[in-house]
Amino acid sequence: MADKINKVPMPVKILLVDDNDNNLLSMEVALEKEDYIFFRATSGREALRLLLHEEDFSLILLDVKMPIMDGYETAELIYQRDKLKQIPIIFITAHDYEEAAMFKGYQAGAVDFIRKPFNAEILRSKVAVFADLYQKNQLLRKQEEKLQAINADLLQLNKELEQRVLDRTIALENLNQELQALNLSKDKFLSVMSHDLRNPLTALLASSRKLSEDPESLSPGQVRQLSQIIHRTSNKLLEQLNEVIDWAKKQSQKTRFNPAKVRLAEGVEESLEILRANAQQKKINLQNHVPKDMEVMADPLMLRSIVQNLVTNAIKYTPEGGSVLLNAKREAQMACIFIEDSGVGMTAEMKSQLFSNASPRSLSGTNNEQGSGLGLLLVSDFVAQHGGKIDVESAPGTGTTIKFTIPVVG
Amino acid sequence: MSEKILILDDDNDILEILSMLLAEHGYDIRTSNHGETIFEDIQDFQPALLIMDIMLAGLDGREICKDIKNDPLTHSLPVILISGTHDPVGSLGLPGAPDDFLSKPFEMDQLHAKIAKQLAA
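Each protein sequence line maps, in turn, to chains Z and D. Counting with the numbering used here, you get residues 1 to 410 for the letters of the first sequence. Counting with the numbering used here, you get residues 1001 to 1121 for the letters of the second sequence.
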C-alpha cells in the first residue's frame, strides 16, 4: 500500500506570503521548474484565510516584515490551529537580520530562514527538502492511520472471537448439563430396574409361590393376606413399569435428526476407530477406501451408528483372516456407501428378513458372537431419516455387500 | 423355644411375607422398616440372627452391619444382608462384612438354607 502512495505523489502545495507582489513573483519564478502548486497571499490575514479554505499545504514561505501583522504574529496564529501545526514555515528575512530576531523566529515555529534577496538555488533546495519531509511525514501519518484501523479491526476480531469462544463454551456447558441429566436419568433408570422392581418382585414371588404350593393347608386369613400382598406388589410393579416406559419414551424423543456437512472418509474413519481392535482380534483386514474429498449431509451421530452397526455385523459374520472393505461412490444426488465383507453370506430368505421388524432376531457370528437383532432396525431407521436406502447383495459363501445411500454435498 | 430373627427392610410387603413365611417355619420374628433404632431393637429383642436389606430409606445396611460387627455387645450376632441391586459376595470375609449375602429376588428355599446355616454356626 505504501508503494502505491509513493508512485503517485501527492501534489506539493506551497503558500507564498509577502506584501510585495514582485517578491511573490520572483519566488514563483525561482521554484517554477519543480512540480509545485502555488498559493499567494499578500498579508498575514490573507494567508490565514487561505489556510482556512485550502488544506494540505506542504510548506509556507513567510515574509517576516509585513505591515499590520508581521511574519511572527502570522506564524503564531497559524500554529494555534491543530490542523496547521505540522506545516513547516520558512521565514524570508532581510539580509541584515540579527541572530536574536532569528531566535524569535524559531520560537514562533520556523524551521528555517532564507535571506533576501535570496539565492534561487538555495531557495529551491531548501523548499525541496521541506516539501519532501512534509510529504514523508504525511505518508507516515497515513500509514499510522491505516495501522490504527487495522489494529481496531484486530481488536474487533479478537472481541468477536472471544464472544464465539464464550458462546461455544456456554453451548458445551449446556450440552454437558444435558448429558449429566441424561446420565442421572440413566442412573435412576438402573436403580428403578434393579431395586424398585426387585423389591416388589421378591414379595410377589414369595407370596405367589406360597399360595400355589399347598393352598389347602392355608387358613382363609392367610390366603387373604397372601393375595393382598400379590395384589399390592403387582400394582407396584405396574407403576414402576409405567415409569420405565415414560422414561424410555422421553429418551427416544431426544434423538433428533441434526444433519450437518460431514467429510465422509473422516466420519467413517472415526466410526471405525473403536472397531479396529475387534477386527484385529479376528485377524480381519478392515480398510477404509472412501474417497477423501467426498462430503455428505448427515447426522454425525446417526452416521456413526449406521457405520458401526454394519461394520460390527460384517466383522461378526466374517471368519478369521477375512476382510471388510468400505468404499463410496457418487450416484446422482446421493453418496452410496459400500461395506463389503468376505464372510459367510446370506440366503435369499435371510436377506428378506434382514430389515423387516417383524422378527428382530440375531444369528450368532462365526465366533459365536451374540446380538439382539435390533441394530439393523436402528440402521434402516437412520438411513431412512436421511432419505436414503439400504440394500444388500449376498449369497451363501460369497460374502456380503451392504449398500446404503445418504445425500451428497456439492 | 423358637429362635429369634430380626428383619430390617424398608419395603413393608417384604416384611409381611417374610415374617409370615418364617413364622410358619417356627421362628420368632420381629420386623422394622428403618435402621434408626437397630441397637435398641437388638437389645430389646435379643435375636439369634439379623436379616437386613442393603438399601434402607436414608441408611446403608452395610454401614449398620459394620457398626454391629464393631460393637463388642453385638459383634457375634450373625447378619445376612439382602441386596436389591447386586451380589456383593466379593466383600465377604472383610472386617465389618456380613456373614452372608442374598440378592433379590430370591427363592424362599435359598433363604431358609442360609438362615439354617447361620443358626447352626
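The beta carbon of each residue, even a glycine, is placed where N, CA and C say it ideally should be. All values reported here derive from a predicted model rather than from experimental measurement.
* To do: List the endpoints of the continuous alpha helix (DSSP H) containing residue 115 of chain Z.
  => Position 115 of the first sequence, counted from the first residue, corresponds to residue 115 of chain Z. Residue 115 of chain Z -> not in any alpha helix (DSSP H); beta strand (DSSP E) instead, spanning 110-116.
* Asked: So is residue 227 of chain Z in contact with chain D if we call contact Cβ pairs under 9 Å?
  -> Within the first sequence, the letter at position 227 stands for residue 227 of chain Z. Chain D contact via Cβ: absent.
* **Residue-level contact to chain D via CB, residue 222 of chain Z, 9 Å cutoff** => Working through the first sequence from its first residue, we reach residue 222 of chain Z at position 222. So yes, residue 222 of chain Z belongs to the interface.
* Asked: Checking contacts by CB at 9 Å: is residue 201 of chain Z closer than that to chain C?
  -> In summary, chain C is missing from the structure at hand, where the protein chains are Z and D.
* **Backbone CA spacing between residue 199 of chain Z and residue 213 of chain Z [nearest angstrom]** => Numbered from 1 along the first sequence, position 199 holds the residue referred to as residue 199 of chain Z. Numbered from 1 along the first sequence, position 213 holds the residue referred to as residue 213 of chain Z. When rounded, the distance between both Cα atoms is 21 Å.
* Asked: residue 1004 of chain D CB to nearest chain Z CB: under 9 Å?
  -> Walking along the second sequence from the start, residue 1004 of chain D turns up at place 4. It does not: the Cβ of residue 1004 of chain D has no partner Cβ on chain Z nearer than 9 Å.
* To do: Report the rounded CA-to-CA distance for residue 159 of chain Z versus residue 165 of chain Z, giving the unit in angstroms.
  => Taking the first sequence and counting its residues from 1, one reaches residue 159 of chain Z at position 159. Taking the first sequence and counting its residues from 1, one reaches residue 165 of chain Z at position 165. Answer to the nearest angstrom: the Cα atoms are 10 Å apart.
* Rounded C-beta distance between residue 12 of chain Z and residue 131 of chain Z? I'm assuming under 8 Å. -> By one-based count along the first sequence, residue 12 of chain Z stands at place 12. By one-based count along the first sequence, residue 131 of chain Z stands at place 131. Confirmed, Cβ separation roughly 5 Å.
* Asked: What beta strand (DSSP E) runs, 3 residues minimum, are completely inside the segment 71-152 of chain Z?
  -> 89-94 and 110-116
* **Three-pair Cβ contact test at 8 Å for the segment 90-109 of chain Z versus the segment 37-53 of chain Z** => no
* Ordered along the chain, which non-local residues of its own chain (more than five positions away) have a Cβ less than 6 Å from that of residue 1009 of chain D? -> By 1-based counting over the second sequence, the position of residue 1009 of chain D is 9. Closer than 6 Å at the Cβ level, and outside the excluded window around residue 1009 of chain D, lie 1015 and 1053.
* To do: Could you spell out where the beta strand (DSSP E) holding residue 1054 of chain D opens and where it closes?
  => The residue given as residue 1054 of chain D occupies position 54 in the second sequence. First-last for residue 1054 of chain D: undefined, no H or E at that position.
* Where does residue 407 of chain Z fall in DSSP's three states? -> Within the first sequence, the letter at position 407 stands for residue 407 of chain Z. Of the three classes helix, strand and coil, the one that applies to residue 407 of chain Z here is strand, per DSSP.
* Of all Cβ atoms in chain D, is any one closer than 9 Å to the Cβ of residue 207 of chain Z? -> To locate residue 207 of chain Z, count along the first sequence from 1; it is residue 207. Closer than 9 Å to some Cβ of chain D, the Cβ of residue 207 of chain Z qualifies, so yes.
* **residue 263 of chain Z, enclosing alpha helix (DSSP H) - first and last residue** => For this step, residue 263 of chain Z is matched to residue 263 along the first sequence. That residue, residue 263 of chain Z, is in no alpha helix (DSSP H); its beta strand (DSSP E) goes 260-263.
* Collapsed DSSP secondary structure at residue 335 of chain Z in the structure displayed -> As a first step, residue 335 of chain Z is located in the first sequence; it is residue number 335 there, counting from the start. In the structure shown, residue 335 of chain Z sits in a strand (DSSP, three-state: E or B).
* To do: Could you tell me which residues DSSP pairs with residue 297 of chain Z in its beta bridges?
  => Residue mapping note: residue 297 of chain Z aligns to position 297 of the first sequence, counting from 1. Answer by DSSP bridge pairing, in chain order: Z:261.
* Counting contacts by CB-CB distance shorter than 9 Å, is residue 233 of chain Z in contact with chain D? -> Taking the first sequence and counting its residues from 1, the one referred to as residue 233 of chain Z is at position 233. Chain D contact via Cβ: present.
* Determine the contact status of residue 303 of chain Z and residue 296 of chain Z, defining contact as a CB-CB distance below 9 Å. => The sequence position of residue 303 of chain Z within the first sequence is 303, counting from 1. The sequence position of residue 296 of chain Z within the first sequence is 296, counting from 1. Yes; because the gap between Cβ atoms is below 9 Å, this pair is in contact.
* residue 376 of chain Z (DSSP reduced to helix, strand or coil) -> Position 376 of the first sequence, counted from the start, is the residue given in the question as residue 376 of chain Z. Looking at residue 376 of chain Z - three-state DSSP - the assignment turns out to be helix.
* Asked: Mind pulling the chain D residues with CB within less than 7 Å of residue 198 of chain Z?
  -> Taking the first sequence and counting its residues from 1, the one referred to as residue 198 of chain Z is at position 198. Near residue 198 of chain Z (Cβ distances below 7 Å), the residues of chain D are 1084, 1104 and 1105.
* **Within chain D, partners of residue 210 of chain Z - CB distance below 9 Å** => In the first sequence, residue 210 of chain Z corresponds to position 210, counting from 1. Neighbours of residue 210 of chain Z on chain D, chain order: 1017, 1020, 1021, 1024 and 1108.
* Asked: Does the pairing of the segment 172-180 of chain Z with the segment 121-131 of chain Z give three or more beta-carbon distances under 8 Å?
  -> no
* Asked: What is the rounded straight-line gap between the Cα of residue 1108 of chain D and the Cα of residue 309 of chain Z?
  -> The residue given as residue 1108 of chain D occupies position 108 in the second sequence. The residue given as residue 309 of chain Z occupies position 309 in the first sequence. The alpha-carbon atoms of residue 1108 of chain D and residue 309 of chain Z are separated by roughly 43 Å.
* Does DSSP put residue 1032 of chain D in a helix, a strand or coil? -> As a first step, residue 1032 of chain D is located in the second sequence; it is residue number 32 there, counting from the start. Looking at residue 1032 of chain D - three-state DSSP - the assignment turns out to be strand.
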